[in-house]
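So the structure is just underneath, and the comments pick up after that.
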Amino acid sequence: MKTKALALVGGLMAATALAAAPAKADVKIGLLGGVSGPIAAMAPAMIDAAQLAFAQVNEQGGILAGEKLVGVVGDSACSPQGGTDAATKAVNIEGVVAVVGPHCSGAVLAAAGSVTVPAGIAMVTPSGTSPEISGLDDKDTVFRTVPSDDYQGRALARTLKEQGYAKVAVAYLNNDYGTGLANAFKAEFEAQGGEVAGFAAHEADKASYRSNLADLSSGGADTLVIFDYGDGTGLTILRQALENGFFEKFVGGDGMKSDALFKELGSDNLTTFVASSPVGEKSDALDVFNEAFKAAGGDPDAIFVNTSYDAAFLLALAVEKAGGDKAGVAAALREVSNGEGEAILPGEWAKAKALIAEGKAIDYKGAAGDHNFDANGDVPGTYALFKIEGDAFTVVSEMK
Amino acid sequence: MELAGLLNYALFMGIFIGIYALLALGLNIQWGFAGLFNAGIAGFFAVGAYTSAIVTTAAAEGRIGGFDMPLLLGWLAAMVAAGLIAWPIGKICLRFRSDYLAIATIGVAEIIRLVVKSEPELTNGARGITAIPRPFGDLDYALSQMAYLAIVAVVLLVAYLMVERQFNAPWGRMMRAIRDNELAARAMGKAIERRRLEAFIFGAALMGLGGALFAHFNRSITPEAIDPMVATFLVWIMLILGGSGNNRGAILGTAVVWIIWSMSEIATDQLPSEYAVKAKYIRLFLIGLMLQLVLRFRPDGLLPEPLRGAARSDQDAR
Numbered sequence: 001m002k003t004k005a006l007a008l009v010g011g012l013m014a015a016t017a018l019a020a021a022p023a024k025a026d027v028k029i030g031l032l033g034g035v036s037g038p039i040a041a042m043a044p045a046m047i048d049a050a051q052l053a054f055a056q057v058n059e060q061g062g063i064l065a066g067e068k069l070v071g072v073v074g075d076s077a078c079s080p081q082g083g084t085d086a087a088t089k090a091v092n093i094e095g096v097v098a099v100v101g102p103h104c105s106g107a108v109l110a111a112a113g114s115v116t117v118p119a120g121i122a123m124v125t126p127s128g129t130s131p132e133i134s135g136l137d138d139k140d141t142v143f144r145t146v147p148s149d150d151y152q153g154r155a156l157a158r159t160l161k162e163q164g165y166a167k168v169a170v171a172y173l174n175n176d177y178g179t180g181l182a183n184a185f186k187a188e189f190e191a192q193g194g195e196v197a198g199f200a201a202h203e204a205d206k207a208s209y210r211s212n213l214a215d216l217s218s219g220g221a222d223t224l225v226i227f228d229y230g231d232g233t234g235l236t237i238l239r240q241a242l243e244n245g246f247f248e249k250f251v252g253g254d255g256m257k258s259d260a261l262f263k264e265l266g267s268d269n270l271t272t273f274v275a276s277s278p279v280g281e282k283s284d285a286l287d288v289f290n291e292a293f294k295a296a297g298g299d300p301d302a303i304f305v306n307t308s309y310d311a312a313f314l315l316a317l318a319v320e321k322a323g324g325d326k327a328g329v330a331a332a333l334r335e336v337s338n339g340e341g342e343a344i345l346p347g348e349w350a351k352a353k354a355l356i357a358e359g360k361a362i363d364y365k366g367a368a369g370d371h372n373f374d375a376n377g378d379v380p381g382t383y384a385l386f387k388i389e390g391d392a393f394t395v396v397s398e399m400k
Numbered sequence: 001m002e003l004a005g006l007l008n009y010a011l012f013m014g015i016f017i018g019i020y021a022l023l024a025l026g027l028n029i030q031w032g033f034a035g036l037f038n039a040g041i042a043g044f045f046a047v048g049a050y051t052s053a054i055v056t057t058a059a060a061e062g063r064i065g066g067f068d069m070p071l072l073l074g075w076l077a078a079m080v081a082a083g084l085i086a087w088p089i090g091k092i093c094l095r096f097r098s099d100y101l102a103i104a105t106i107g108v109a110e111i112i113r114l115v116v117k118s119e120p121e122l123t124n125g126a127r128g129i130t131a132i133p134r135p136f137g138d139l140d141y142a143l144s145q146m147a148y149l150a151i152v153a154v155v156l157l158v159a160y161l162m163v164e165r166q167f168n169a170p171w172g173r174m175m176r177a178i179r180d181n182e183l184a185a186r187a188m189g190k191a192i193e194r195r196r197l198e199a200f201i202f203g204a205a206l207m208g209l210g211g212a213l214f215a216h217f218n219r220s221i222t223p224e225a226i227d228p229m230v231a232t233f234l235v236w237i238m239l240i241l242g243g244s245g246n247n248r249g250a251i252l253g254t255a256v257v258w259i260i261w262s263m264s265e266i267a268t269d270q271l272p273s274e275y276a277v278k279a280k281y282i283r284l285f286l287i288g289l290m291l292q293l294v295l296r297f298r299p300d301g302l303l304p305e306p307l308r309g310a311a312r313s314d315q316d317a318r
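In order, the protein sequence lines correspond to chains A and B.
Taking UniProt numbering, the leading residue of the first sequence gets 1, the next gets one more, and so forth.
Taking UniProt numbering, the leading residue of the second sequence gets 1, the next gets one more, and so forth.
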């Protein structure tokens, strides 16, 4: 009996060890994502978008001396345990030159703290929005292509105040996304002289939020600001608030900009709803990406696909710029997207490669923004306020 | 794949196995020796991780602490805090029989998780605590991992020796007597409630220590780390697979489960890239299959509980 079980264990381990035989001289970039776990529904599209960037690189002559650029997918499971495990394997076993991801902030913090920062590997997360990532002691190796929640919250607060909203209540999902947005929003809205008359976190996926809503409305606010996801709990809250007439006006963060709203609730009922959402800089970059991703069979409206693509493409550019030197990727990342030099749009790999070879400066204009990283490796992001007209979101105003 | 990379990966696995082995040892005290079905490991793990983080980080705005204390104090505080939290819980819940206790402890762990997420003044809420100092963290990547592995190994060895000694002492015999025949033990005048509480608190303290080691290794702790899946049920699988009631089994089970979990991803990565995403789920399947096989062919785990006393001489006589 004992030998049988031991043989089984041994066999499994031998199989995994054999399978890990060294691969050819491809250039590898890690794609760490929450494949299993709470964001399993979002992760595949994000990984596909990053793979699209690598496919374009390979179609247009490959990286460095014509080598193939390969994305190594790792499952960070949206937890620190999974994130560090996946990052360790990507860095040490696969020998990646840089990492896209992980997707969830907790995994980003842990993987950066115990793996990529000590190993000196550049990391770009397309969806880790926690403000804590800005303050990491990261030796300038951790970047992101998605703005910190802090930034969006503050921008939304300023815009609402300008538009004449004076007294609001805030309902936010109790995770790093909701909490980060809500706290930043509250601080800025109050600093601008607005009044936050209700401020409460809620847990996801409950059947009823009527008591939460009744509490929030008791402060006398006529506007409800919701930081949640429009295809999840946020929809439930909005529906119950409308049904019971708790509030007159509604505002959402980028997570609330979901087609599920007018599909489920009807656009007639949502005339007083506005949502903030990141928009591509005024350039064709976003259209170029959308078309390419659609052609590759992806849904360009899925959340965080454009930031994932940008992270992957930026890292490819940086690796090319650094000449394949792992230690130089982080520094090169700043050089390929600092607002100076010839503009490079998504997919323009051959052009960028030629310019880098000539030693000219390039500036990547991404699908999700210009990505001119600040000192913390953060991007400011561009936001606009959207309203629902017919069955579509239309821009009300830019957000500053 | 270079040798240095393999070494780093091995060091990393060693550290993780060491940390989870502490959790499994703690659970072994509770389940393996006292028969207490604790399904709230994540809660004590969280208390330990956050306590040590608060005690050892530099002062921060918006939350309690940090107190910038030495590391050892943080780890001690983690054990004490986890034990202190376990005391009232045990006092109330240990009167329940096995499955009711499981339900109660799941609830407690969930309460702790929600408190951690919802009290920014205490734990910085959903954002978590960062910039937690890591001993020898300024060294090179490989060296710093080696140093940390050495620390974890020493802690685990000390914990193992102490627990092992305790089990072979009269206290351990008494615990097994209570577990196997509560009425008989009561008839002999053993204070059953008190003894159970002791086992519960000792186990919880070890889990707290595991949490502290985890937080310092990652230099951060966020509520995502105390998900019941990765912090409770994974530990249960490790203990059951390794052999509950056997300390070496607990450590072996941890190593086997973690190695399969981690290394199977390398194997699935060899599949064609269109399966890259789907293949990740094979790992979950493998762990499940492993558990099924072990339960079918070795219901007592890879290293079953050693026979002692009368049962042992019976077998020797046969």
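C-beta atoms are modelled at their ideal positions from N, C-alpha and C, and glycine is treated no differently.
C-beta neighbour in chain E for PRO118(A), strict 8 angstroms: Among the chains of the structure shown, chain E does not appear; the protein chains present are A and B.
Contact check, ALA316(A) vs LEU64(A), beta carbons under 8 angstroms: For the purposes of this step, residue 316(A) is taken as residue 316 along the first sequence, with counting starting at 1. For the purposes of this step, residue 64(A) is taken as residue 64 along the first sequence, with counting starting at 1. Not a contact, by the Cβ cut-off of 8 angstroms.
Contact with chain A by GLY14(B), beta-carbon distance below 8 angstroms: Here the question's residue 14(B) lines up with position 14 in the second sequence. It does not: the Cβ of GLY14(B) has no partner Cβ on chain A nearer than 8 angstroms.
Distance between ILE356(A) and GLU335(A) (C-alpha atoms, nearest Å): Sequence index remark: in the first sequence, residue 335(A) carries index 335 (1-based). Sequence index remark: in the first sequence, residue 356(A) carries index 356 (1-based). In this structure, the straight-line span from the alpha carbon of GLU335(A) to that of ILE356(A) is close to 11 angstroms.
Interfacial residues, the segment 187–203 of chain A to chain B, with Cβ spacing under 8 angstroms: Flagged, chain order: ALA201 and GLU203.
Contact under 8 angstroms by Cβ, CYS78(A) with PRO38(A): Numbered from 1 along the first sequence, position 78 holds the residue referred to as residue 78(A). Numbered from 1 along the first sequence, position 38 holds the residue referred to as residue 38(A). Cβ atoms of CYS78(A) and PRO38(A): closer than 8 angstroms.
Straight-line gap, ALA184(A) to PRO147(A) (C-alpha atoms, nearest Å): Counting from 1 along the first sequence, the entry for residue 184(A) is found at position 184. Counting from 1 along the first sequence, the entry for residue 147(A) is found at position 147. In a straight line, the C-alpha of ALA184(A) is about 13 angstroms away from that of PRO147(A).
Collapsed DSSP secondary structure at LYS206(A) in the structure displayed: Your numbering for residue 206(A) matches position 206 in the first sequence. Note: LYS206(A) maps to coil in three-state DSSP.
Every unbroken alpha helix (DSSP H) within the segment 228–303 of chain A, with a cutoff of 4 residues, ordered by chain: 233–244, 260–265 and 285–295
Backbone CA spacing between GLU190(A) and ALA384(A) [nearest angstrom]: The count along the first sequence starts at 1 and reaches residue 190(A) at position 190. The count along the first sequence starts at 1 and reaches residue 384(A) at position 384. One C-alpha to the other measures close to 21 angstroms.
Limits of the unbroken beta strand (DSSP E) element including PHE386(A): Counting from one through the first sequence, the residue named residue 386(A) turns up at place 386. From DSSP, the beta strand (DSSP E) with PHE386(A) extends over 383–389.
Contact set for PHE54(A): own chain, Cβ-Cβ below 8 angstroms, skip 5 residues either direction: Locating residue 54(A) in the first sequence gives position 54, counting from the first residue. Hits under 8 angstroms: ILE29, LEU69, VAL70, GLY71, ALA312 and ALA316.
Neighbour-count burial assignment, TYR229(A), 16 or more Cβ in a 10 Å radius: For the purposes of this step, residue 229(A) is identified with residue 229 of the first sequence, where counting begins at 1. TYR229(A) should be labelled buried.
LEU345(A) burial status per 10 Å Cβ neighbour count (16 or more: buried): In the first sequence, residue 345(A) corresponds to position 345, counting from 1. So LEU345(A) counts as buried.
Whole-number beta carbon distance between ARG134(B) and ARG63(B), since they are thought to touch under 8 angstroms: Walking along the second sequence from the start, residue 63(B) turns up at place 63. Walking along the second sequence from the start, residue 134(B) turns up at place 134. The beta carbons of ARG63(B) and ARG134(B) sit about 20 angstroms from each other, so the pair does not count as a contact at 8 angstroms.
Cut-off 8 angstroms between Cβ atoms - residues of its own chain near ARG239(A), not counting five sequence neighbours on either side: Translated into the one-based positions of the first sequence, residue 239(A) becomes position 239. These residues qualify, in order along the chain: GLU264 and LEU265.
Below-8 angstroms beta-carbon distance, LYS326(A) vs any chain B residue: In the first sequence, the residue the question calls residue 326(A) occupies position 326. No, no contact with chain B.
Check whether ARG186(B) and LEU94(B) have beta carbons under 8 angstroms apart: Position 186 of the second sequence, counting from 1, holds the residue named residue 186(B). Position 94 of the second sequence, counting from 1, holds the residue named residue 94(B). Not in contact: ARG186(B) and LEU94(B) (Cβ atoms no closer than 8 angstroms).
Range of the contiguous beta strand (DSSP E) that encloses LEU69(A): For this step, residue 69(A) is matched to residue 69 along the first sequence. Counting along the chain, the beta strand (DSSP E) containing LEU69(A) begins and ends at 69–75.
Nearest candidate by alpha-carbon position, reference LYS280(B), set GLU358(A), LYS351(A) and GLY82(A): The residue given as residue 280(B) occupies position 280 in the second sequence. Of the candidates GLU358(A), LYS351(A) and GLY82(A), the one whose C-alpha sits nearest the C-alpha of LYS280(B) is GLY82(A).
Assigned secondary structure, VAL91(A) (DSSP; H/G/I helix, E/B strand, else coil): Within the first sequence, numbered from 1, the residue matching residue 91(A) stands at position 91. Three-state DSSP puts VAL91(A) in a helix.
CB contact flag (THR382(A), SER127(A), <8 angstroms): Your numbering for residue 382(A) matches position 382 in the first sequence. Your numbering for residue 127(A) matches position 127 in the first sequence. No, Cβ-Cβ distance for THR382(A) and SER127(A) is not below 8 angstroms.
Contact list for the segment 201–217 of chain B against chain A, Cβ threshold 7 angstroms: Within the segment 201–217 of chain B, PHE217 place their CB atoms closer than 7 angstroms to a CB of chain A, listed in sequence order.
Proximity test, Cβ basis, 8 angstroms: LYS91(B) and chain A: Looking up residue 91(B) in the second sequence gives position 91. So, not an interface residue.
GLY242(B) vs GLY301(B) beta-carbon contact at 8 angstroms: Taking the second sequence and counting its residues from 1, one reaches residue 242(B) at position 242. Taking the second sequence and counting its residues from 1, one reaches residue 301(B) at position 301. Taking 8 angstroms as the Cβ cut-off, GLY242(B) and GLY301(B) qualify as a contacting pair.
Contact test: LEU286(B) Cβ vs the ligand ADP heavy atom, cutoff 7 angstroms: Absent from the structure shown: the ligand ADP. Ligands present: none.
Cβ pair ARG296(B), SER130(A) closer than 8 angstroms: Position 296 of the second sequence, counted from the start, is the residue given in the question as residue 296(B). Position 130 of the first sequence, counted from the start, is the residue given in the question as residue 130(A). No, these two residues do not count as a Cβ contact at 8 angstroms.
Minimum Cβ-Cβ distance from ALA331(A) to chain B less than 8 angstroms: Within the first sequence, the letter at position 331 stands for residue 331(A). Judged by the 8 angstroms Cβ criterion, ALA331(A) is not in contact with chain B.
Residues from the segment 111–135 of chain A in contact with chain B, defined by Cβ distance under 9 angstroms: ALA111, ALA112, GLY113, SER114, VAL115, VAL117, PRO118, ALA119, GLY120, SER130, PRO131, GLU132, ILE133 and GLY135
Assigned secondary structure, SER148(A) (DSSP; H/G/I helix, E/B strand, else coil): Taking the first sequence and counting its residues from 1, one reaches residue 148(A) at position 148. Note: SER148(A) maps to coil in three-state DSSP.
Interface residues of chain B facing ASP137(A) [CB-CB closer than 8 angstroms]: Walking along the first sequence from the start, residue 137(A) turns up at place 137. Neighbours of ASP137(A) in chain B, taken as residues whose beta carbon is under 8 angstroms from its own, are ALA131 in chain order.
Of the residues VAL274(A), ASP391(A), PHE246(A) and ILE237(A), the one placed nearest MET399(A), counting alpha carbons only: As a position in the first sequence, residue 399(A) is number 399, starting the count at 1. The shortest Cα separation from MET399(A) among VAL274(A), ASP391(A), PHE246(A) and ILE237(A) belongs to VAL274(A).
Beta-carbon contacts of THR141(A) that lie in its chain and below 7 angstroms, excluding the five residues immediately before and after: By 1-based counting over the first sequence, the position of residue 141(A) is 141. Answer for THR141(A): THR116, VAL117, GLY120, ILE121, ALA122, MET123 and ALA330, listed in chain order.
Chain A within 8 angstroms of ARG63(B), Cβ atoms only: On the second sequence, residue 63(B) is found 63 positions in, with the first residue counted as 1. Not one chain A Cβ lies under 8 angstroms of ARG63(B).
Chain-order list of residues whose beta-carbon lies under 8 angstroms from that of LYS360(A) (same chain, five-residue window excluded): The residue labelled residue 360(A) in the question sits at position 360 within the first sequence. Apart from sequence neighbours up to five positions away, the residues of its chain that approach LYS360(A) with a beta-carbon distance below 8 angstroms are GLY341 and GLU342, ordered along the chain.
Inter-residue CB distance, ALA350(A) and GLY61(A) (contact presumed, cutoff 8 angstroms): The sequence position of residue 350(A) within the first sequence is 350, counting from 1. The sequence position of residue 61(A) within the first sequence is 61, counting from 1. Between ALA350(A) and GLY61(A), the beta carbon gap of about 6 angstroms places them in contact (Cβ cut-off 8 angstroms).
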